[in-house]
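Student:
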Amino acid sequence: MVFLIYATGILIPALALTWRRLHDIDRSGAWFFIAFVPLLGAIVLLVFTLLSARPAGARFDE
Numbered sequence: 075m076v077f078l079i080y081a082t083g084i085l086i087p088a089l090a091l092t093w094r095r096l097h098d099i100d101r102s103g104a105w106f107f108i109a110f111v112p113l114l115g116a117i118v119l120l121v122f123t124l125l126s127a128r129p130a131g132a133r134f135d136e
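Taking this note's numbering as reference, the numbering of the sequence shown is continuous, increasing by one, and the terminal residue is 136.
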């Protein structure tokens, strides 16, 4: 029960931070949903978040 409350409270901030990080590497934020693909999705999302930022990703800052 405690985990469910914690997971619900952390979902929106985690989604926002991941979405922003994906924009930094010039990927669409919709790539976040690949995390729901078992095993492979989590690995792909991890690799994306470890990539360095690209200048082209600054277009999302406007």
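Where is the CB? At the ideal position from N, CA and C, for every residue including glycine.
Leaving out five residues before and five after arginine 95 in sequence, what residues of the same chain have Cβ atoms less than 8 Å from its Cβ?
Tutor: Here residue 95 corresponds to residue number 21 of the sequence shown, with the count starting at 1. The residues are Phe122 and Thr123.
Student: According to DSSP, is valine 111 part of a helix, a strand, or is it coil?
Tutor: Your numbering for residue 111 matches position 37 in the sequence shown. Valine 111: coil per DSSP, three-state reduction.
Student: I need the DSSP call for isoleucine 128, collapsed to helix, strand or coil.
Tutor: What you label residue 128 is simply residue 54 of the sequence shown in a count that begins at 1. The residue asked about is misnamed: residue 128 is arginine in this sequence, not isoleucine. DSSP places arginine 128 in coil when its eight states are reduced to three.
Student: Are there 16 or more other CB atoms within 10 angstroms of the CB of phenylalanine 107, so buried, or fewer, so exposed?
Tutor: To locate residue 107, count along the sequence shown from 1; it is residue 33. Counting Cβ neighbours within 10 Å, phenylalanine 107 comes out exposed, since fewer than 16 surround it.
Student: Using the C-alpha atoms, what's the distance from arginine 101 back to alanine 130?
Tutor: Reading the sequence shown from its first residue, position 56 is the one you call residue 130. Reading the sequence shown from its first residue, position 27 is the one you call residue 101. Their backbone Cα atoms lie some 10 Å apart in a straight line.
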